[in-house]
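Engineer: Numbers 4 to 120, taken from this note's numbering, label the letters of the sequence shown in order.
Handing you this structure, nothing more for now.
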Amino acid sequence: MMGQESSPVAMPTSDEKTMAILSHILTIVAFFIAPLIIYVIKKDDSAFVAEHAKESLNFQITMLILYIGSVFLMLVLIGFLLIWLLSIANLVLVIIATIKASENKMYRYPINFRLIK
């Protein structure tokens, strides 16, 4: 199942596009911290950036919950496999979201607890 995408209402500026891209790609090294900072700073300035940062932040929080669950499942050994699968899925979905942001499109991660609304 792939994530959903849609076109934004207004064409984002170059800076907005860059911030939207960063809100996804920086999660590879900064996990949920990067989209959180971008969301807090840009939520009132750009709907495009805010939506991307919020979606990325929610996805990383979702992944954190799933990683914690995997750690507990390591007691029955399946967690070792699950943590690798989650990491691969995280990387692939972040790359897809980054590409969609670079195309000025909104992206919805297919597995996402939308805690930040």
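Think of the CB as a built atom: it goes at the ideal place given N, C-alpha and C, for glycine as much as any other residue.
Which term fits Ile71, buried or exposed, when burial requires 16 or more other beta carbons within 10 angstroms of its beta carbon?
Structural biologist: Ile71 comes out exposed.
Engineer: When we look at the beta-carbon of Thr30 and count the other beta-carbons within 10 Å, is it buried (16 or more) or exposed?
Structural biologist: Label assigned to Thr30: buried.
Engineer: Is it buried or exposed, Ala13, if we count other Cβ atoms within 10 angstroms and call 16 or more buried?
Structural biologist: By the 10 Å Cβ count, Ala13 comes out exposed.
Engineer: Have a look at Ile68, Met77, Lys46, Leu76 and flag the residue whose alpha-carbon is nearest the alpha-carbon of Phe34.
Structural biologist: Looking at the Cα atoms, Ile68 is the closest of the given residues.
Engineer: When burial is assigned at 16 or more other CB atoms within 10 Å of the CB, is Leu25 buried or exposed?
Structural biologist: Looking at its Cβ environment, which holds 16 or more other Cβ atoms inside 10 Å, Leu25 is buried.
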